[in-house]
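Presented below is the structure to which this report refers.
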Amino acid sequence: MNDTIVEARNLIKHYKDLNALDNVNLSLSANRIYGLLGRNGAGKTTLMSILTAQAFATSGEALVFGAGAYENDAVLSRICFIRESQKYPDDFQPQHAFRSAALFYKNWDQGFADRLAEDFQLPVKRRIKKLSRGQLSAVGVIIGLASRAELTFFDEPYLGLDAVARQLFYDRLVEDYAEHPRTIILSSHLIDEVANLLEHVIVIDRGRIIMDADADEIRGSAVTVSGSAEKVDAFLAGRRILHRETLGSLASVTVDEVLSGSERTEARELGLELSPVSLQQLVVRKTMAGTEAGLLPITGDFADETMEAKR
Amino acid sequence: MSRTLAVARMQLINKWTYIGWPLTILAASFLISLAIFALIPVTEAKNGGGSQAPLWYFLVLGIQSMTLVFPFSQGLSISRRAFYLGTLGLFSLIAVGMTVLYMLGGVIERATNGWGVYGYFFNIPWVTDGPWYSTAAFFFVLMMFMFIIGFWFATIFKRWGTTGTLVSTLGTAVALIGAAALTTFLQGWESVGSWFAQQTPLSISGWAALLCVILAAGSYATLRRATP
Numbered sequence: 001m002n003d004t005i006v007e008a009r010n011l012i013k014h015y016k017d018l019n020a021l022d023n024v025n026l027s028l029s030a031n032r033i034y035g036l037l038g039r040n041g042a043g044k045t046t047l048m049s050i051l052t053a054q055a056f057a058t059s060g061e062a063l064v065f066g067a068g069a070y071e072n073d074a075v076l077s078r079i080c081f082i083r084e085s086q087k088y089p090d091d092f093q094p095q096h097a098f099r100s101a102a103l104f105y106k107n108w109d110q111g112f113a114d115r116l117a118e119d120f121q122l123p124v125k126r127r128i129k130k131l132s133r134g135q136l137s138a139v140g141v142i143i144g145l146a147s148r149a150e151l152t153f154f155d156e157p158y159l160g161l162d163a164v165a166r167q168l169f170y171d172r173l174v175e176d177y178a179e180h181p182r183t184i185i186l187s188s189h190l191i192d193e194v195a196n197l198l199e200h201v202i203v204i205d206r207g208r209i210i211m212d213a214d215a216d217e218i219r220g221s222a223v224t225v226s227g228s229a230e231k232v233d234a235f236l237a238g239r240r241i242l243h244r245e246t247l248g249s250l251a252s253v254t255v256d257e258v259l260s261g262s263e264r265t266e267a268r269e270l271g272l273e274l275s276p277v278s279l280q281q282l283v284v285r286k287t288m289a290g291t292e293a294g295l296l297p298i299t300g301d302f303a304d305e306t307m308e309a310k311r
Numbered sequence: 312m313s314r315t316l317a318v319a320r321m322q323l324i325n326k327w328t329y330i331g332w333p334l335t336i337l338a339a340s341f342l343i344s345l346a347i348f349a350l351i352p353v354t355e356a357k358n359g360g361g362s363q364a365p366l367w368y369f370l371v372l373g374i375q376s377m378t379l380v381f382p383f384s385q386g387l388s389i390s391r392r393a394f395y396l397g398t399l400g401l402f403s404l405i406a407v408g409m410t411v412l413y414m415l416g417g418v419i420e421r422a423t424n425g426w427g428v429y430g431y432f433f434n435i436p437w438v439t440d441g442p443w444y445s446t447a448a449f450f451f452v453l454m455m456f457m458f459i460i461g462f463w464f465a466t467i468f469k470r471w472g473t474t475g476t477l478v479s480t481l482g483t484a485v486a487l488i489g490a491a492a493l494t495t496f497l498q499g500w501e502s503v504g505s506w507f508a509q510q511t512p513l514s515i516s517g518w519a520a521l522l523c524v525i526l527a528a529g530s531y532a533t534l535r536r537a538t539p
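Quick note, the sequences are listed as chains A and B, same order. So that you can map any letter, position 190 of the first sequence is 190 in our numbering, and since no number is skipped, the others follow by simple counting. Each number in our numbering comes from the position in the second sequence (counting from 1) with 311 added on.
Written out as structure tokens, the structure is:
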């Protein structure tokens, strides 16, 4: 059940003036839904491309089902990775793309693909190059879902999809995953939308993995304390601070720590308010903390916060 | 092997790309040529160049299979090797089919004295003068050549971008000019001329086939490291 199916060791992808991947180590288990989160250009697509042998690492090793995917039909036949900017043959209509996928995926479910096309109101007999951005995304989503590949990547699959279609995708994904367990890697920067689907979260920023933990573990791993600035600061002295906002004499501070029961009681007695931090908030704060610590000189008041964050 | 075959089948899912369009282009070019032949009131044999029309489409097919079909095949996790063999295999099949059509067209054309209007579309002076197998080889190799040259330049483009394409096109041009200059310098045009005069459609096919093999091997080597 918990077999490791993807293993990345010291992956580095170096472009001319950019480290797209900077020493990535990763281990993914079978039959889970992973979220690969990060800003645009953080390295999400690069990482997925290298794992699936669509692109090449500068150095390091990527093993999928225990072997490299490059030119390895035994491994490749178990992977599906339709990229966000996926290209299709010039004369192809969605129905042709689906029939192509059927040739290569032994678990392909045509009935499922047809139902999905109906759900997404996708014109299956229109040339793909005439489709709207949302319809183009729907083609990729349908191939990804109906292929039922053991390892399926979704690369920002929601681009151009309206709210209803996005919800449809999330619902179908969860339903089908329940019936046909497999490993799903969902790359996204709409974190709040997908937060509930994810069992494990990987956050990548400027080519580095900055978070790699179970979703349950992350929920409640941080807390926001608000109240009078003086009291908040005194209460949180010496803690790992991710973010600090002030409004007059009030402060709202996010700490990257779990508060114990007695600490929570203490906070309440001090008249401080505790609120949970959403996954999106946490990712944003952590990403920004990394940027600040990396880019800004540590001076004055700011120093304390960033030093705390860095620890 | 089955995945290689599937690559070929995949590209036949839309019948227009590899079958419908080449036949449509051939038919249209043939009918237009015939109409023109009929309009010229001479009873001597008239030759037209219309039969080359599908060849230009093959050049486009070669380019597109690299720029569009290859990225799609990567999305379906098809290995580069399977994509290459399946695509080239499919194209050889199409080239064989087209060659058979051209040969049959040539036979009918001769039997009907140029479709009754002295118009020769499939029979081309010098090319179809030799034995049938030399004509067949010439058509087949020429079609493969167009496809592979398109594939080759698209591979260069995918791998090294605009700069790479420019460098390789300009490089080819410079090399040709250099060869011409060298020939002039060595006063060798006479022997070059006599060499060309000695060539038959069959030997030209042989040289073109050799070039096809070199380009195809080069494309494969480049494709091995290409990204979608």
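Positions of the beta carbon are idealized from the N, C-alpha and C atoms, including for glycine. Small disclaimer: the values here were computed from a predicted structure and weren't measured.
{"Asked": "So, under 8 Å CB-CB, A490 (chain B) and F104 (chain A) are touching, yes? Tell me the CB distance rounded to an integer number of Å.", "Found": "Incorrect: roughly 45 Å between the Cβ atoms, too far for contact."}
{"Asked": "Would you kindly check if the distance between the Cβ of A117 (chain A) and the Cβ of W108 (chain A) is under 7 Å?", "Found": "no"}
{"Asked": "Which same chain residues end up closer than 6 Å to P539 (chain B) when comparing Cβ atoms and leaving out the 5 residues on each side of it in sequence?", "Found": "P382, Q385"}
{"Asked": "Report whether the distance from the Cβ of I241 (chain A) to the nearest heavy atom of the ligand GDP is below 6 Å.", "Found": "The model on display carries no ligand, and the ligand GDP is accordingly not part of it."}
{"Asked": "With a threshold of 7 Å between beta carbons, is S516 (chain B) in contact with chain A?", "Found": "no"}
{"Asked": "So R392 (chain B) contacts chain A; which residues on that side make the cut at Cβ distance below 8 Å?", "Found": "E71"}
{"Asked": "Quick check: the Cα distance between E308 (chain A) and S388 (chain B), rounded to an integer number of angstroms?", "Found": "A caution first: E308 (chain A) carries a pLDDT of 38, below 50, which makes its placement in the model unreliable, though a value can still be read off. Near 45 Å, if we compare the C-alpha coordinates of S388 (chain B) and E308 (chain A)."}
{"Asked": "Would F383 (chain B) count as contacting chain A if we go by Cβ distances under 7 Å?", "Found": "yes"}
{"Asked": "Going by DSSP, name the residue or residues bridged to H243 (chain A).", "Found": "A:T254"}
{"Asked": "Cβ of K87 (chain A) less than 7 Å from any chain B Cβ?", "Found": "yes"}
{"Asked": "Using a C-beta cutoff of 7 Å, does D91 (chain A) count as contacting chain B?", "Found": "yes"}
{"Asked": "Could you give the distance in angstroms between the alpha-carbon of E420 (chain B) and the alpha-carbon of T476 (chain B)?", "Found": "41 Å"}
{"Asked": "From E305 (chain A) to T287 (chain A), what does the alpha carbon distance come to, in whole angstroms?", "Found": "Residue confidence is low: E305 (chain A) scores 38 on pLDDT, short of 50, so the model does not pin down where it sits. Its coordinate-derived value is still stated next. Whole-angstrom Cα-Cα distance: 14 Å."}
{"Asked": "In chain B, which residues lie less than 8 Å from S59 (chain A) when you measure between Cβ atoms?", "Found": "Ordered by position in chain B, no residue passes the 8 Å Cβ test against S59 (chain A), which lies about 15 Å from the chain."}
{"Asked": "For K469 (chain B) and A528 (chain B), what's the separation of their Cα atoms in angstroms?", "Found": "16 Å"}
{"Asked": "Suppose you measure from the CA of I565 (chain B) to the CA of K357 (chain B); what does that come to, to the nearest Å?", "Found": "Any property of residue 565 (chain B) remains undetermined from this structure, which presents chain B solely from 312 to 539."}
{"Asked": "Can you tell me whether DSSP reads I185 (chain A) as helix, strand or coil?", "Found": "strand"}
{"Asked": "Alpha carbon to alpha carbon, how far is S188 (chain A) from L21 (chain A)? Give it in angstroms, no decimals.", "Found": "17 Å"}
{"Asked": "Can you tell me which of the three DSSP states E269 (chain A) falls into?", "Found": "helix"}
{"Asked": "Under 6 Å Cβ to Cβ from F456 (chain B), same chain only, skipping five residues before and after it: list those, please.", "Found": "A519, C523"}
{"Asked": "Skipping 5 residues on each side, what residues in its chain have a beta carbon closer than 7 Å to that of S252 (chain A)?", "Found": "T224, S226, E245"}
{"Asked": "Would the segment 436-444 of chain B count as touching the segment 493-501 of chain B if we require 3 or more Cβ pairs under 8 Å?", "Found": "no"}
{"Asked": "Give, in chain order, every residue of the segment 424-450 of chain B whose Cβ lies closer than 9 Å to some Cβ of chain A.", "Found": "none"}
{"Asked": "Cutting at 6 Å between CB atoms, please list the residues of its own chain near F98 (chain A), excluding the five before and the five after it.", "Found": "A113"}
{"Asked": "Between A303 (chain A) and chain B, is there a C-beta pair that is closer than 7 Å?", "Found": "Low per-residue confidence applies at A303 (chain A): pLDDT is 35, beneath 50, and the placement is therefore not dependable, though the value from the model is reported in the following sentence. By this cut-off, A303 (chain A) is not an interface position."}
{"Asked": "Since L122 (chain A) contacts P94 (chain A) with CB under 8 Å, what's their CB separation in whole angstroms?", "Found": "6 Å"}
{"Asked": "Pull up the distance between the alpha-carbon of I142 (chain A) and that of G482 (chain B), whole angstroms please.", "Found": "45 Å"}
{"Asked": "Within 10 Å of its beta-carbon, does I459 (chain B) have 16 or more other beta-carbons around it, so buried, or fewer, so exposed?", "Found": "buried"}
{"Asked": "Using 8 Å for Cβ pairs, my map puts S445 (chain B) next to T511 (chain B). What's the rounded Cβ distance?", "Found": "7 Å"}
{"Asked": "Tell me whether T538 (chain B) sits in a helix, a strand or coil according to DSSP, three-state version.", "Found": "coil"}
{"Asked": "Do the segment 41-51 of chain A and the segment 202-211 of chain A meet, that is, are 3 or more Cβ pairs less than 8 Å apart?", "Found": "yes"}
{"Asked": "Any beta carbon from chain A within less than 7 Å of Q375 (chain B)'s own beta carbon?", "Found": "yes"}
{"Asked": "Hey, quick one: how far does the beta strand (DSSP E) through Y170 (chain A) stretch, first residue to last?", "Found": "Here Y170 (chain A) belongs to no beta strand (DSSP E); instead the alpha helix (DSSP H) covers 163-179."}
{"Asked": "In chain order, what residues of the same chain have a beta carbon less than 6 Å from the beta carbon of E257 (chain A), not counting five sequence neighbours either side?", "Found": "R239, R240"}
{"Asked": "Alpha carbon to alpha carbon, how far is A318 (chain A) from L274 (chain A)?", "Found": "Examination of residue 318 (chain A) is not possible in this model, given that chain A is present from 1 through 311 alone."}
{"Asked": "Let me check understanding here. Comparing Cα to Cα, which of B:G461, B:G425, B:F394 lies closest to S344 (chain B)?", "Found": "B:G425"}
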